[in-house]
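Please read the structure below before turning to the comments.
Take a look at the structure:
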């Protein structure tokens, strides 16, 4: 499973780097991984499409694939989820620490310096 | 019947208000957080079961002298039995449906986040396979579950020293290893079922704090407590957009102070007393079924 996850990242990176829709063959070529079968690349692309990360254009005979959003968009989406109070209150994520007020920070600084 | 109802209602009131208030105010949970957690769990369980027992008693009282007798004469059910029995069923259904819905919502949020983490974060093998997101905002959290993820950001890696970072990783790993998410889950569901009951909100906040203390203690077994406290300070003041992480809790300060000056765990007699109290509370709803309906 972990390997498939890594493949998904690699394929997404290839699509982001290309900057234009790629066909399955073009993705396979861009990966420069001769060990990967073309069908494997297609499987990964289908999985990415099912996850809503990749859009398939079926207008031409060779289907082409494009990322739904930029990498930066997904990073900020991740951040939005991670910092979303409602989801955290549902205990979906367990954060190490929360933001302190100035008073709390000062009090703790004092305690740390006293060590 | 009146005596049984009065006793049950009084005990329910104590379990649902008095005892939680006492436990939330007490100092000893900081010393032995795992024991305090067991007590919260028994209070939560007992409060839920007692409300059902109470309604059941009201429902069955007109039908016989004890529960077995009353159940034999269910055909004689009148308005009181129907209303109280229906209410008991409604409470039970509501508890179960909210628990399922709340769990589903949590799992969905986690899954959505894990997809993004796997997409944009790179695995750092030096940090126990933590997923590192390339962003300035300091992040350090875990996604519990069957395929857990420990998520850090470049901001966190820049902010913390290597020793502090290892301590934070150990803290998050403790959450994952001890499945603290499963401990918190029913209390979240309870808080969503009874949003207007203050004791429920208190219980949820206390349980959330206790699992943090337990993760701190676990991390402190192999890492310096002061490093962990320093990491708390650095991440707590580390340039997160104002208000983004919401309510700054006094819990961060409490945790740091506790790390710097660790309190002694409870002694054996006190530990035994807490365990016995938890057992008595958890078993108490049963007594409502055993005693006569007089």
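Protein chains in written order, with this note's numbering: chain A, 97 to 211; chain B, 273 to 566.
Each residue gets a CB set at the ideal place from its N, CA and C atoms; glycine is no exception.
How far does the beta strand (DSSP E) with residue 370 (chain B) in it reach, from first residue to last? To locate residue 370 (chain B), count along the second chain from 1; it is residue 98. Here residue 370 (chain B) belongs to no beta strand (DSSP E); instead the alpha helix (DSSP H) covers 351-392.
Can you tell me whether residue 496 (chain B) is helix, strand or coil according to DSSP? Taking the first residue of the second chain as position 1, residue 496 (chain B) is located at position 224. In the structure shown, residue 496 (chain B) sits in coil (DSSP, three-state: anything other than H, G, I, E or B).
Excluding the five sequence neighbours on either side, which residues of its own chain have a C-beta within less than 6 Å of the C-beta of residue 304 (chain B), listed in chain order? As a position in the second chain, residue 304 (chain B) is number 32, starting the count at 1. Closer than 6 Å at Cβ, skipping near neighbours: 537 and 538.
In the stretch 313-347 of chain B, which residue ranges form an unbroken alpha helix (DSSP H) of at least 4 residues, counting only runs that do not cross its ends? 339-344
Just to confirm, are residue 456 (chain B) and residue 399 (chain B) a CB contact at a threshold of 8 Å? Start at 1 with the first residue of the second chain, and residue 456 (chain B) comes out as number 184. Start at 1 with the first residue of the second chain, and residue 399 (chain B) comes out as number 127. Result no, Cβ atoms of residue 456 (chain B) and residue 399 (chain B) do not sit closer than 8 Å.
Any contact between the stretch 405-414 of chain B and the stretch 435-450 of chain B? By contact I mean 3 or more CB pairs, one from each, below 8 Å. yes
According to the neighbour-count rule (16 or more other Cβ atoms, all chains shown, within 10 Å of its Cβ), is residue 292 (chain B) buried or exposed? In the second chain, the residue the question calls residue 292 (chain B) occupies position 20. Label assigned to residue 292 (chain B): buried.
Contact list for residue 173 (chain A) against chain B, beta-carbon separation under 8 Å: Looking up residue 173 (chain A) in the first chain gives position 77. Under the 8 Å cutoff, chain B gives 388.
Closest to residue 274 (chain B) by CA distance: which of B:444, B:334 and B:497 is it? As a first step, residue 274 (chain B) is located in the second chain; it is residue number 2 there, counting from the start. Nearest C-alpha to residue 274 (chain B): B:334.
Chain A within 8 Å of residue 516 (chain B), Cβ atoms only: One-based indexing of the second chain puts residue 516 (chain B) at position 244. Its pLDDT being 37, under 50, residue 516 (chain B) is placed unreliably in this model, and the coordinates cannot settle the point.
Give the residues of chain A in contact with residue 405 (chain B), contact being defined as C-beta atoms less than 7 Å apart. Within the second chain, numbered from 1, the residue matching residue 405 (chain B) stands at position 133. Here the neighbours are 171 and 174.
If we cut at 8 Å on Cβ distances, does residue 200 (chain A) have a partner in chain B? For this step, residue 200 (chain A) is matched to residue 104 along the first chain. Yes - at least one Cβ of chain B is within 8 Å of the one on residue 200 (chain A).
Interface flag, residue 190 (chain A) vs chain B, CB-CB below 8 Å: To locate residue 190 (chain A), count along the first chain from 1; it is residue 94. It does; some Cβ of chain B falls within 8 Å.
Residues of chain A with CB under 8 Å from residue 509 (chain B), in chain order? Locating residue 509 (chain B) in the second chain gives position 237, where the first residue counts as 1. The answer, in chain order, is 195, 196 and 201.
The beta strand (DSSP E) that contains residue 202 (chain A), what's its start and end? Locating residue 202 (chain A) in the first chain gives position 106, where the first residue counts as 1. No beta strand (DSSP E) holds residue 202 (chain A); the alpha helix (DSSP H) holding it covers 198-209.
Length of the line joining the Cα atoms of residue 321 (chain B) and residue 417 (chain B): On the second chain, residue 321 (chain B) is found 49 positions in, with the first residue counted as 1. On the second chain, residue 417 (chain B) is found 145 positions in, with the first residue counted as 1. Taking the straight line joining both Cα atoms gives about 28 Å.
Report buried or exposed for residue 190 (chain A), applying the criterion of at least 16 other Cβ atoms within 10 angstroms of its Cβ. On the first chain, residue 190 (chain A) is found 94 positions in, with the first residue counted as 1. Residue 190 (chain A) should be labelled buried.
DSSP has residue 146 (chain A) in a bridge; who is on the other side? Reading the first chain from its first residue, position 50 is the one you call residue 146 (chain A). For residue 146 (chain A), which the question treats as bridged, DSSP gives no partner whatsoever.
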